[in-house]
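All remarks here apply to the structure that follows.
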Amino acid sequence: MTFASAFMSATVGFVFFASADCMAQALPGKTGEARVGDVVLKMDFDKPEEREKFTKAPWAKWVKEGDKGPTVLFVDVPNTEKPGHYKINMPFDVTAYKGMSLHFQCMAKTEKVTQPPQPYNGVKYMMHTVSTAAGQQWKNQDKVFGTFDWKKLSFNMSIPDDLISGDISLGLENSTGKVWFKDIVVIVSRGKILPRPAPMVNPPPAYKGHSLPRLRGTMSPNQFKDEDMRVLGQEWNANLIRWQMTRLWGKANVGRDLGDYDKWIDEEIADLDKALEACKKYGLKVVIDLHSPPGGRYDDSSMAMLTEKIYQDHFVKIWEKIATRYKGNPAVWGYDLINEPVTGELSTDGLADYLGIQVLAAKAVRKIDPDIPIIIESDSWDSPEAYTYLEPVNIKNVVYQAHMYYPGTFTHQGVNNNPDTPVSYPGMIDGKMCDKEALRKYLQPVRDFQLAYNVHIYIGEFSAIRWAPGDSAYNYLKDCIEIFEEYGWDWSYHAYREWNGWSVEYGPDKKDNNPAKEPTERMKLLLGWFEKNKKP
5 MTFASAFMSA
15 TVGFVFFASA
25 DCMAQALPGK
35 TGEARVGDVV
45 LKMDFDKPEE
55 REKFTKAPWA
65 KWVKEGDKGP
75 TVLFVDVPNT
85 EKPGHYKINM
95 PFDVTAYKGM
105 SLHFQCMAKT
115 EKVTQPPQPY
125 NGVKYMMHTV
135 STAAGQQWKN
145 QDKVFGTFDW
155 KKLSFNMSIP
165 DDLISGDISL
175 GLENSTGKVW
185 FKDIVVIVSR
195 GKILPRPAPM
205 VNPPPAYKGH
215 SLPRLRGTMS
225 PNQFKDEDMR
235 VLGQEWNANL
245 IRWQMTRLWG
255 KANVGRDLGD
265 YDKWIDEEIA
275 DLDKALEACK
285 KYGLKVVIDL
295 HSPPGGRYDD
305 SSMAMLTEKI
315 YQDHFVKIWE
325 KIATRYKGNP
335 AVWGYDLINE
345 PVTGELSTDG
355 LADYLGIQVL
365 AAKAVRKIDP
375 DIPIIIESDS
385 WDSPEAYTYL
395 EPVNIKNVVY
405 QAHMYYPGTF
415 THQGVNNNPD
425 TPVSYPGMID
435 GKMCDKEALR
445 KYLQPVRDFQ
455 LAYNVHIYIG
465 EFSAIRWAPG
475 DSAYNYLKDC
485 IEIFEEYGWD
495 WSYHAYREWN
505 GWSVEYGPDK
515 KDNNPAKEPT
525 ERMKLLLGWF
535 EKNKKP
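With the sequence shown counted from 1, adding 4 to any position gets you the numbering used here.
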């Protein structure tokens, strides 16, 4: 089978095509029969027939690792060349694994790979799929550059049910330097999704953990100030705050020293004590959000406690401590066990995965506090997409949470290393029309889960950066909230007096770091909904 792949020439700087006359076949298996841990692909570069599956390029060579070592792929892009797409690829047939999730891993080492403009650029061990509904999708480990010896790169990717084709790429993207690859392996990380049950006919009211018509509020500031709570609760009339216990957000390997972590969590709990007293006074229900878990996150943003027992055990102990302290506290609406789970490596024998660890903590909490709601999050940053394979948990008094930042190209434009190129909403974004119906479609897995299991949904975070063009941020927030309200979901806007990029108290000029003199349209939008609130 001939498969065309595009990559950029290192010498003349234009896009051309090379072809491979064979396709990598997944190991034998029938749809629906694969099990977690099954090996889908394992490549031996010592075999010429394996190397021939990849396209060819002048900057990609097959070399021996030392005198007697295995054959590895060597990609060399000198710093005299213009950064671009220096990747070779291989068609990869995974049609037998539609509807499943695959874990991709390889070994790589680098020398002086320059930092790329985007976190998803740099060293690329990447899977690309084409499907009817989603179009093109790419997945790889982010933030891989610099100089390092052999280490594992890994990521997980869901294979669409309507898959058309797929391919694997190896190389560099928008970086220069040297990189070596070996030990390409693909493993089944999640089996085929079972159909949801049909929605109940005339279901009873879902458990919410409160008797109010709706909880509407915001994410918290990073530190407690009584005046902030007074404004939010009294002047704005919010009735909910998601209190985040956050430590060096976005930085890898934070929280590995458990003694140091415990000192930090004690400081956060002392701050939370003050916040809860203020929230009782100002009519705010509180979600306790352990934003930064013990062990932290690895470089690929996955959580250490999913693969290291010491941190998994400590995570449960932290929640036992929190539940013991706040059992029966009338200001607390829910225990939000994990913020934005991300799975990297497959959990080792005896360790729970992203959902199992929430169940472990929930069971420990329920032995202490049988009543305060427990809030469960989905995989992949608590994404609506991950609701396609989320299963309900057998725990008393549970609410399910999702976060909404779709499309990220719009919501996060100009944030961190994301391009500053103006992106408007509604409009064409990432080659597709994005409007209210597109948002509704993206949220459909959450809606399906809600109806199938008669559960309550809470949108813990959603936002759009304030400098989005024109009225785009307002339009996006308006459409999101209208969908949440239509479906009966509680919600908290991200964020309140945390960072001015998300703040509705600041105007659309990115360079203006002073609060707006008059309420912004985004602020008026939130206040309009908060006016409808009933106080606890």
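Note that CB positions come from ideal geometry on N, CA and C, so glycine has one too.
Where residue i falls, given that 16 or more other Cβ within 10 Å makes a residue buried
i           : result
residue 374 : exposed
residue 432 : exposed
residue 301 : buried
residue 417 : buried
residue 529 : buried
residue 257 : exposed
residue 437 : exposed
residue 34  : Residue placement at residue 34 cannot be trusted, given a pLDDT of 42 that sits under 50; what the coordinates show is reported in the next sentence. Exposed, because fewer than 16 other Cβ atoms sit within 10 Å of the Cβ of residue 34.
residue 32  : In this prediction, residue 32 scores a pLDDT of 45, lower than 50, which makes its location untrustworthy; the coordinate-derived value is nonetheless stated afterwards. Label assigned to residue 32: exposed.
residue 131 : buried
residue 522 : exposed
residue 94  : buried
residue 298 : buried
residue 537 : buried
residue 198 : exposed
residue 51  : exposed
residue 15  : With a pLDDT of only 28 at residue 15, under the threshold of 50, the placement of this residue in the model should not be trusted; the figure read from the coordinates follows. Flag for residue 15 reads exposed.
residue 145 : buried
residue 415 : buried
Beta-carbon gap between residue i and residue j smaller than 9 Å
i           : j           : result
residue 463 : residue 408 : yes
residue 494 : residue 220 : yes
residue 149 : residue 179 : yes
residue 44  : residue 101 : yes
residue 282 : residue 340 : no
residue 560 : residue 291 : In the structure as shown, the chain starts at 5 and stops at 540, and residue 560 therefore has no counterpart that could be examined.
residue 38  : residue 195 : yes
residue 309 : residue 187 : no
residue 404 : residue 225 : no
residue 350 : residue 41  : yes
residue 123 : residue 147 : yes
residue 511 : residue 520 : yes
residue 346 : residue 304 : yes
residue 273 : residue 249 : yes
residue 182 : residue 80  : yes
residue 166 : residue 135 : yes
residue 324 : residue 399 : no
residue 480 : residue 446 : no
residue 164 : residue 202 : no
residue 473 : residue 287 : no
residue 280 : residue 330 : yes
N-terminal and C-terminal residue of the beta strand (DSSP E) that residue i is part of
i           : result
residue 222 : 220-223
residue 403 : 402-408
residue 536 : Element bounds for residue 536: n/a, residue is neither H nor E.
residue 77  : 75-81
residue 157 : 150-162
residue 194 : 181-194
residue 177 : 167-177
residue 465 : 461-466
residue 46  : 43-46
residue 65  : 64-68
residue 497 : 494-497
Endpoints, the alpha helix (DSSP H) within which residue i is located
i           : result
residue 488 : 476-491
residue 412 : 412-415
residue 95  : No alpha helix (DSSP H) contains residue 95, which is instead part of the beta strand (DSSP E) from 89-97.
residue 385 : 383-386
residue 141 : From DSSP, residue 141 is part of no alpha helix (DSSP H) but of the beta strand (DSSP E) over 139-143.
residue 444 : 440-457
residue 53  : 52-55
Supposed close pair residue i, residue j - CB separation, criterion 8 Å
i           : j           : result
residue 108 : residue 162 : Contact doesn't hold; Cβ gap of about 12 Å is too wide.
residue 3   : residue 394 : Here the chain has residues from 5 to 540 only, and residue 3 is not among them.
residue 411 : residue 386 : Actually they are not in contact, since the Cβ atoms of residue 411 and residue 386 sit about 16 Å apart, beyond 8 Å.
residue 284 : residue 334 : 7 Å
residue 223 : residue 497 : 7 Å
residue 369 : residue 378 : 6 Å
residue 293 : residue 343 : 6 Å
residue 77  : residue 185 : 4 Å
residue 68  : residue 75  : 6 Å
residue 449 : residue 524 : Not confirmed; about 32 Å, so no contact.
query = Taking the runs of the beta strand (DSSP E) that are 3 residues or longer, which of them lie wholly in the segment 311-363?
reply = 336-340
key: Any beta strand (DSSP E) of 3 or more consecutive residues that is wholly inside the segment 230-298   = 244-248, 289-293
ask   = Which runs of the beta strand (DSSP E) fall wholly inside the segment 102-126 and span at least 3 residues, in chain order?
value = 105-117
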